[in-house]
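Chemist:
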Amino acid sequence: MKPPLKQVDSANKHGILLEVVQVLTDLNFIVTKAYISSDGGWFMDGNSHLQIVIVLGSETSFTTMKSVGVTCSTDSTVIELIGTDRPGLLSEVSAVLTHLKCNVLNAEVWTHNTRAAFIVQVTDDESGSAIDDPDRLSIIKQMLSNVLKGSNKAREAKTVVSHGVIHTERRLHQMMLADRDYERGSDAGLDETQRPDVNVVNWYDKDCSVVTIRCKDRPKLLFDTICTLTDMEYVVFHGHVDAEGPEAYQEYCIRHVDGSLVKSDAERQRVIQCIESAIERRVSEGLKLELCTTDRTGLLSDVTRIFRENSLTVTRAEVATRNGKAVNTFYVRDASGYPVDNKIIDSIRKEIGQTILKVKCNPHELIENRQESPTRFLFGGLFKSKSFCNFGLVRSYS
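Going by this note's numbering, the sequence shown opens with residue 247, and the numbers climb by one from there.
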């Protein structure tokens, strides 16, 4: 059975590609192939037109759709935090929110390159409604800012309280990009062999810059790269994505919104670093733990306190409440950098509840040492396939 195929035709404008990918991501679709083409006199006639062809994986299911993607805060308050990461930070933030009588409905936490970003959706513990009292909001901001500033590092910490509708994961990308988490210090400590292979070259005869990306495939990879290119104000005119194997290959023809190509080596390096960081932010380092139990105020604080007391640090977290149930996922590591001790996990599970907290093993990472030319996938499907030029691929699936 062939995987389903979606084709989108739209007037072209900056950000429309991201909107399409964002919708597919929120529906938990797995994109195995994508072809993107717009105006510019290459393949299509007409002005300001975008055509996107996407092949969806056969394992796609609506039943696993998460509610964390888009946060609607008409009845809640959204808190954004960013600062220097350290062991126990999530526990400290959760403890402050509990002390201030804030109930956490949803939260997502990313850590990357010594930085930590939080988006937390809270309500008043007593009323269950949004917190809108200016004095109370000022106290919340001040106390959380004090927690974030607990490190002696020079990088700035920020706390923002808002109301409205946001896309959580895109906002996290924007926060960390603005925070310059792509600037690697001498203590970044990333294994170079695990770093995505990103390259940027100018094709002057085609009047564009070409970005190629090669890395281990995972869900939402397409969203992460398109999100970053869009927020850096680059327009994708043509592209080809292939993620049918353990590795993913992406190639994009881009220009800046002002029509210019990548102008200097400094800009080229910045594009590479920002895309690498966008991919790495979602890498789930550590042991995956899933918690499912009846929700209550202070639950997140209690669970993360137990992690901290057992010398575990949270590298990434997804917290959600559904129909009175807390459904949380944590990725944890030993705070000292050693492998997580199974005895510690057993002890934590006994304290929290064996049926409440479960260990989920991460699938074994398949590493292939490919010996292919670095330009092997450089628009291979885009310029060599006439079927793409006339969208024969679409017809073959119809």
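Just so it is clear, CB atoms sit at the ideal spot from N, CA and C, and this is done for glycine as well. Nothing here was measured: the structure is a model prediction, and the numbers come from that model.
How would you call residue 517, buried or exposed, if buried means at least 16 neighbouring beta carbons within 10 angstroms?
Modeler: Buried, because 16 or more other Cβ atoms sit within 10 Å of the Cβ of residue 517.
Chemist: In chain order, what residues of the same chain lie with their CB nearer than 8 Å to the CB of residue 308, ignoring the 5 residues before and after it?
Modeler: Residue placement at residue 308 is poorly supported in this model, since its pLDDT is 34, which falls under 50; the coordinates are not used for a value here.
Chemist: If you draw a straight line from the alpha carbon of residue 260 to that of residue 484, how long is it in whole angstroms?
Modeler: Answer to the nearest angstrom: the Cα atoms are 13 Å apart.
Chemist: For residue 442, is the classification buried or exposed, using 16 other Cβ atoms within 10 angstroms of its Cβ as the cut-off for buried?
Modeler: It is buried - the Cβ of residue 442 has at least 16 other Cβ atoms within 10 Å.
Chemist: Who are residue 367's beta bridge partners in DSSP?
Modeler: BP columns for residue 367 point to 324, 352.
Chemist: Could you tell me whether the Cβ atoms of residue 543 and residue 371 are closer together than 7 Å?
Modeler: Yes, they are a contact pair.
Chemist: Do residue 567 and residue 390 have their CB atoms nearer than 7 Å?
Modeler: In this structure, residue 390 does not lie closer than 7 Å to residue 567 by Cβ.
Chemist: Quick one: what's got a C-beta closer than 6 Å to residue 404's C-beta in the same chain, skipping five residues either side?
Modeler: Only 328 meet the Cβ criterion.
Chemist: Does the separation of the CB atoms of residue 461 and residue 419 fall below 7 Å?
Modeler: Against a cut-off of 7 Å, the Cβ pair of residue 419 and residue 461 comes out as no contact.
Chemist: What separation, rounded to the nearest whole angstrom, lies between the Cα atoms of residue 321 and residue 339?
Modeler: Cα-Cα distance, rounded: 21 Å.
Chemist: How should residue 345 be labelled, buried or exposed, when 16 other C-beta atoms within 10 angstroms of its C-beta is the threshold for buried?
Modeler: With fewer than 16 Cβ atoms within 10 Å of its Cβ, residue 345 is classed as exposed.
Chemist: Between the stretch 420-428 and the stretch 509-524, do at least 3 Cβ pairs fall closer than 8 Å?
Modeler: Yes: at least three Cβ pairs fall under 8 Å.
Chemist: Are the stretch 546-555 and the stretch 568-586 in contact at 8 Å, needing three or more beta carbon pairs?
Modeler: These segments touch.
Chemist: Compute the Euclidean distance between the alpha carbons of residue 283 and residue 489, then round it to the nearest angstrom.
Modeler: Using only the alpha carbons, I get a separation of about 18 Å.
Chemist: Give the secondary structure of residue 602 by DSSP, where H, G and I count as helix, E and B as strand, and everything else as coil.
Modeler: In this structure, residue 602 counts as coil in the three-state DSSP scheme.
Chemist: Determine whether the Cβ of residue 331 lies closer than 7 Å to any Cβ atom of chain D.
Modeler: Checking the listed chains, one finds no chain D in this structure; it contains a single protein chain.
Chemist: By alpha-carbon positions, which one of 358, 357, 393, 382 ends up nearest to residue 369?
Modeler: Of 358, 357, 393, 382, the residue nearest in Cα terms is 382.
Chemist: Under the DSSP definition of a beta bridge, which residues are partnered with residue 568?
Modeler: DSSP, once it has assigned bridges, lists 571 as partnering residue 568.
Chemist: What's the C-alpha gap between residue 496 and residue 465?
Modeler: Near 14 Å, if we compare the C-alpha coordinates of residue 465 and residue 496.
Chemist: Measuring straight from C-alpha to C-alpha, what distance separates residue 341 and residue 589?
Modeler: Taking the straight line from one Cα to the other gives about 26 Å.
Chemist: Using 10 angstroms around the beta-carbon of residue 377, count the other beta-carbons present and answer buried if the total reaches 16, otherwise exposed.
Modeler: The residue in question, residue 377, is buried, as its Cβ has 16 or more Cβ neighbours within 10 Å.
Chemist: Identify whether residue 590 lies in helix, strand or coil by the three-state DSSP scheme.
Modeler: Note: residue 590 maps to helix in three-state DSSP.
Chemist: What first and last residue would you give for the alpha helix (DSSP H) that runs through residue 514?
Modeler: Looking at the DSSP string, the run of the alpha helix (DSSP H) that includes residue 514 is 511-527.
Chemist: Can you tell me whether residue 541 is buried or exposed, with buried defined as 16 or more other CB within 10 angstroms of its CB?
Modeler: So residue 541 ends up on the buried side.
Chemist: DSSP three-state label for residue 392, please.
Modeler: DSSP places residue 392 in helix when its eight states are reduced to three.
Chemist: Report the rounded CA-to-CA distance for residue 591 versus residue 585, giving the unit in angstroms.
Modeler: Going from the Cα of residue 591 to the Cα of residue 585 covers about 11 Å.
Chemist: Using the rule of at least 16 other Cβ atoms within 10 Å of the residue's Cβ for burial, across every protein chain shown, is residue 569 buried or exposed?
Modeler: So residue 569 ends up on the exposed side.
Chemist: On a Cα-Cα basis, can you pick out the residue from 493, 269, 331 that is closest to residue 422?
Modeler: Measuring from the Cα of residue 422, the nearest candidate turns out to be 331.
Chemist: Return yes when the Cβ of residue 487 is within less than 7 Å of the Cβ of residue 280, no when it is not.
Modeler: Closer than 7 Å, so yes.
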